Structures are given as structure tokens and as C-alpha cells.
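Enquirer: Take this structure first; my questions come after.
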Amino acid sequence: MLHPLPLRTTHQQTQLQIPLNKPLSNQFNFEQNYRNISNLLLSLTRSRTLPKGLQVHAHIIKTGFQAIPLISHHLINFYSKTQLPLDSQRVFEETQVKSSTTWSSVISCSRRMSFLVSPSSSFAECLVSVLGPRPYIPQRLESFRDAFFCVDMYAKCGEIRDARTVFDGMPVRNVVSWGGMIWKLQDAVSIINGMPIKPTESVWGALLTGCRIHKDTELAVYAANRVFELGQVSSGMHVLLANAYAAAGRYEDAAKARKKLRDRGVKKETGLSWVEQGNCVHTFAAGDRRHPISGEIYLKLKELGEEMERAGYVADTSFVLREVGSDEKNQAIRYHSERLAIAFGLITFPPERPIRVMKNLRVCGDCHTAIKFMSKCSGRVIIVRDNNRFHRFEDGKCSCGDYW
Numbered sequence: 285m286l287h288p289l290p291l292r293t294t295h296q297q298t299q300l301q302i303p304l305n306k307p308l309s310n311q312f313n314f315e316q317n318y319r320n321i322s323n324l325l326l327s328l329t330r331s332r333t334l335p336k337g338l339q340v341h342a343h344i345i346k347t348g349f350q351a352i353p354l355i356s357h358h359l360i361n362f363y364s365k366t367q368l369p370l371d372s373q374r375v376f377e378e379t380q381v382k383s384s385t386t387w388s389s390v391i392s393c394s395r396r397m398s399f400l401v402s403p404s405s406s407f408a409e410c411l412v413s414v415l416g417p418r419p420y421i422p423q424r425l426e427s428f429r430d431a432f433f434c435v436d437m438y439a440k441c442g443e444i445r446d447a448r449t450v451f452d453g454m455p456v457r458n459v460v461s462w463g464g465m466i467w468k469l470q471d472a473v474s475i476i477n478g479m480p481i482k483p484t485e486s487v488w489g490a491l492l493t494g495c496r497i498h499k500d501t502e503l504a505v506y507a508a509n510r511v512f513e514l515g516q517v518s519s520g521m522h523v524l525l526a527n528a529y530a531a532a533g534r535y536e537d538a539a540k541a542r543k544k545l546r547d548r549g550v551k552k553e554t555g556l557s558w559v560e561q562g563n564c565v566h567t568f569a570a571g572d573r574r575h576p577i578s579g580e581i582y583l584k585l586k587e588l589g590e591e592m593e594r595a596g597y598v599a600d601t602s603f604v605l606r607e608v609g610s611d612e613k614n615q616a617i618r619y620h621s622e623r624l625a626i627a628f629g630l631i632t633f634p635p636e637r638p639i640r641v642m643k644n645l646r647v648c649g650d651c652h653t654a655i656k657f658m659s660k661c662s663g664r665v666i667i668v669r670d671n672n673r674f675h676r677f678e679d680g681k682c683s684c685g686d687y688w
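Going from the sequence shown to our numbering is simple: count from 1 and add 284.
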């Protein structure tokens, strides 16, 4: 499906409507105060509108607004959310006065983009110069959010011990911070049972996700029962339980979990992926054939799939949630929405341009593996933003280090 890409948002009673087919200089008075510029950057960040954001940054440099810490904060955030970490780094390094807001945004950016995976980068060196080479206990940061971001940043880079050290040094903890500690199944139950506050659905959901990954259905059932004891729960809990059953091959139990969801009249959110091309957003769902060039897209996936198999790719059909034949499972998993979006990018984008895909749900494990092979076989950089984090795929590797 194709959609035009206008931008309309409301922030602090400021409404901005920015058509992409008109020069930015004709739409916005850049001599206005910096708060209007700040609101504009917020709008562009929410819509992930990269071309207009680059124009705004150019005008900010001309008008000298980049010297204002709040503007630097929004620029760092904009570039990290549009998957340009090197530009976030440049803005950070060029910021002469680094306020607590600036440091908050840079830590959030590091958490989002997994900078600690490449500790030799100058951005990582900047972090180390202030945070220290070992786990940083956020005493100088001014909000709980920054402290939690530090925990999450270390965890997503695989530095579990460092994350635990930061967590233990936090002066204040809440349910969110405790939920961030659920990484290893062997420690998860003891951590949850040791919480000084009552675990919420989000905490048990973190454990359920781990059970699905490690195919521990018994622990998944235990976690699900604790969730259901809380009373009314979200549809996501039923989906997580069904996923855990399916991953372990217990399809009958998975079907029962999905039936409970249907009985409540709740529908699972449809997974969608989209990519920008020109002034349009191209949106795909799993098995989608509504796109004008769907024939070319499916042919591209078939050709690339054959090359991936020669390179060693084997589909993990445990991510198919129903009991069907192996051939049908292979077909079902090969046409997930992100793969269709990537194939579209391979067809339409020039070779030097990274393929940037947005997805409203978490990338499944098989698609994560498949995209590694897609990047290796095509020689392209593929960047995927799912509902959990960024993934930069290049030469068969992902920036997340398989922590997501």
C-alpha cells in the first residue's frame, strides 16, 4: 500500500503542517524563537521525516540555534531515531555546553543504537570519559529515566554484569527498573520474588518473552498464571503464552491460548512494516500482494532466498504459531512484512543507499537471522526499527549482537 507523507502534529498548542513537496524555507519562519524550532524538530522526529530534518538542521546552523542545549538535545534524538548514529555523534561532539538534557539524550541514543558494541568509536570514548570505563552508577544524572537507560543500555549490549552493578547502585527503583533486570531465566524468578513491590503485567511479560526464546513452557505457564491472577490483562499476555507454546511444539496448547483471546473479542495487532520512497510511505503486511510491484518483490525474495540457502540459511519454523506441514511453514515465514519491505528497497533504492524499515512489532527470531543473510548476500546495509530497538545489518552481522 502507498500513502502520501504529510506531517501534522500538535505540541504545546503549536500545530505544524509540513507538506513534503514544498521547500521548507517557504513554510516556516526560522527567525522565530528557538522553542518553535524545538517543536518543529519534535514533529519531524515523531514522523521520522529525514529529508525535512536535514533542511531544518541546515537552517539551525545558519541561525546559530545549535548552541542552545535544548536544540542539540532534539537534534541528537532526531538523528538517533532516523537511524543515523554518526550524525548524532557529530552533533554531540559539536555541542560546546553539554547540559544534563544533552547527556540524557546521548545516553538514550546509546541505549537505542547499541554504541557499546563498538567501544573504539569516538562516541563511545566520549561516554567513557564521563561515565567511566566500568559500569556507571548514575549519581550525576537528574532523573530516574536516565538511570534506567544506563541499565538498559548495558543489558542490550550484552554487558549483563555491568547492568546489574548499575541497577544495584540505583537509589530508587520501580516496577520498570525491576522489569529491566529480567534477562536470564535461571535468575528471573528469584529476582521477581525478591521485589519489594508487587510485580505487574510488564514484569511477568518480560519473563514470558524469555521463556519463549528459550522454549521453557513450564516456566511460561507459571508466569502466565501469575499474570492472570492480576485480573484483566492485555491481549499481549495471551499472545506471549501462545508463542511460548508454539516455540516448544505444543500447538494444541497454543491454539487454546489463542482461543481465549478470541473469546474475549480481542484481535492481535497486525504486523506492519513500512519504508519511505520519495514522498510516499510503502506499507506491507505478511503475505501482502496489494503493492503495485508485488510480483517483482516476491520474485526478488525467491531469488535472494535461494542465494541465502546456499550461504547456509535454514528457516526456523518454530516461529510459525500453528501446526501445518513443513512446506507451508516455510512459505508462511518467508513473507513476513519486513522481508517484503526489504525486497522493495533492494529493487528500488540505489546500491549506496541504506534500506531503512520501520516495524510496529518485534522482529521475530527467524526474520532477524534471515535479514543477516540478506545483508550479506546483497552487500547492502539494512536498518530495521522494530518496537523494541534499532537493528543495523551489514555483512551478515547485526549491531544488536542478538540482544533484543
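No residue lacks a Cβ here, since even glycine has one placed at the ideal position from N, Cα and C.
Because the structure is a prediction, the values reported are computed rather than measured.
#1: Taking only the alpha-carbon atoms, compute the straight-line gap between R574 and N323 and give it to the nearest angstrom.
#2: What is the rounded straight-line gap between the Cα of I476 and the Cα of S389?
#3: Would you check if the distance between the CB atom of I639 and the CB atom of I666 is smaller than 8 Å?
#4: Entirely within the segment 483-561 and at least 4 residues each: give me those alpha helix (DSSP H) ranges in chain order.
#5: Determine the direct distance from the alpha carbon of D572 to that of S578, and round the result to whole angstroms.
#6: Give me the residue from V559, W558, E560, R542 with the minimum Cα distance to K552.
#7: Under 8 Å by Cβ, that's how I've got D670 and K643 pegged, so tell me the actual separation to the nearest angstrom.
#8: Assuming S621 and F568 make a contact with CB atoms under 8 Å, what is their CB distance in whole Å?
#9: Below 8 Å on the Cβ atoms is my guess for Y619 versus F657; work out the distance and round it to an integer in Å.
#10: Are the Cβ atoms of I321 and I344 separated by less than 8 Å?
#11: For the candidate residues E590, V523, V641, whose alpha-carbon lies nearest to that of K540?
#12: Helix, strand or coil, according to DSSP, for F568 in the structure here?
#13: Which ranges does the alpha helix (DSSP H) cover as unbroken runs of at least 4 residues, wholly within the segment 634-673, from first to last along the chain?
#14: Buried or exposed, going by whether 16 or more other CB atoms sit within 10 Å of the CB of G348?
#15: Mapping DSSP to helix, strand and coil, what is R594?
#16: Could you check whether the Cβ of W488 sits closer than 7 Å to any heavy atom belonging to the ligand FMN?
#17: Assuming W570 and G555 make a contact with CB atoms under 8 Å, what is their CB distance in whole Å?
#18: Under 8 Å, do Y529 and T501 count as touching if we go by C-beta distance?
#19: Going straight from the alpha carbon of L689 to that of V668, what length do you get?
Expert: Let me spell this out:
#1: 36 Å
#2: 30 Å
#3: yes
#4: 485-498, 501-512, 519-531, 535-547
#5: 8 Å
#6: R542
#7: 4 Å
#8: 5 Å
#9: That pair is no contact at about 16 Å.
#10: yes
#11: V523
#12: strand
#13: 649-662
#14: exposed
#15: helix
#16: In the structure on display, the ligand FMN does not appear, and there are no ligands present to speak of.
#17: In the sequence as displayed, the identity of residue 570 is Ala instead of Trp. Confirmed, Cβ separation roughly 6 Å.
#18: yes
#19: Since the first and last residues shown for the chain are 285 and 688, residue 689 lies out of range.
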